[in-house]
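To start, the structure itself, in structure tokens.
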Amino acid sequence: MQNWAVFTGDIVRSSDMGAQVLGDVFAALESAAKGIGCWPDSQTAFARFRGDGWQMALPPIYAMRAALVMRAAVRTTGKGHDTRFGIGIGVGHLTGNDLAGADGPAFLQSGHALDTLKRAPRMAAPDAPQHLRTALPLADRIALGWTQKQAQVVLALLAPNAPTQDALAQSLGRSRQMTQKQADSAGVSALLDCCSAFETQK
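For reference, each letter of the sequence shown is one residue, going 138 to 339 in the working numbering.
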């Protein structure tokens with residue numbers, strides 16, 4: 138077994154979404170998970186289950202950054218769209234990318250964290266190290282305020298290999314000034330500092 142950060146989540150108010158919209162949400166989640174798997178020294182496994190449920194496993198060092206990226210991915214798909222999830226960190230057994238047969242404490246903790254998650258906040262890691270437990274509620278409050286356009290900026294800029302703001306602005310068809318304003322309003326700089334602090338924690 139090796140150490141994993143395991144996310145177990147579902148889509149907020151999925152019953153209000155049509156099949157096409159829900160499919161778009163899951164396409165965004167899966168794309169984000171694949172992107173996380175391309176980060177340095179990373180790998181991911183992602184699966185959809187129970188209609189509106191999903192699970193992802195990734196290296197624990199990226200737990201904080203990935204939590205924000207997955208939230209941003211969903212919020213890019215439409216106004217008010219969101220996901221909630223529990224995070225478990227610890228040992229787990231995973232064969233290849235097949236989450237169906239995965240087991241171990243990290244997977245159990247993640248499922249339990251989702252099952253006990255109240256209406257708010259929308260992400261929690263009750264059995265994780267204290268620095269993650271402390272940071273998540275603050276990050277959650279910030280993420281709740283992201284607009285769709287802000288989430289697009291967050292999704293790009295939180296990656297370790299993020300594009301320059303000039304390149305991002307060009308890809309989004311916006312001015313650099315607007316992109317900077319959206320990044321500032323979304324709290325990107327503070328969130329990046331939080332991610333870096335978590336990733337260098339001994």
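Even for Gly, the Cβ is constructed at its ideal location relative to N, Cα and C. Since the structure is predicted, the reported quantities are computational estimates derived from the model, not experimental observations.
Item, Value
"Where Arg-208 sits in the DSSP three-state scheme", "helix"
"His-268 burial status per 10 Å Cβ neighbour count (16 or more: buried)", "exposed"
"Whether Leu-254 touches Arg-221 by CB criterion (8 angstroms)", "yes"
"Assigned secondary structure, Leu-236 (DSSP; H/G/I helix, E/B strand, else coil)", "strand"
"Continuous alpha helix (DSSP H) stretch holding Arg-313: start and end", "313-322"
"C-alpha gap between Gly-238 and Ala-293, whole angstroms", "32 angstroms"
"Delimiting residues of the alpha helix (DSSP H) encompassing Thr-145", "Run containing Thr-145: none in the alpha helix (DSSP H); it sits in the beta strand (DSSP E), 139-148."
"Three-state secondary structure assigned by DSSP to Arg-185", "strand"
"Distance between Thr-337 and Ala-261 (C-alpha atoms, nearest Å)", "21 angstroms"
"For Arg-221, the three-state DSSP class (helix, strand or coil)", "strand"
"With 16 other Cβ atoms within 10 Å as the buried cut-off, status of Pro-197", "buried"
"DSSP bridge partner residues for Ile-226 (one or two, in chain order)", "Ala-142"
"Leu-309 versus Pro-300 - alpha carbon distance", "12 angstroms"
"Collapsed DSSP secondary structure at Leu-281 in the structure displayed", "coil"
"Pairwise C-alpha distance: Asp-303 and Gly-229", "41 angstroms"
"Limits of the unbroken alpha helix (DSSP H) element including Leu-195", "It is not in any alpha helix (DSSP H) - Leu-195 instead sits in the beta strand (DSSP E) that spans 190-195."
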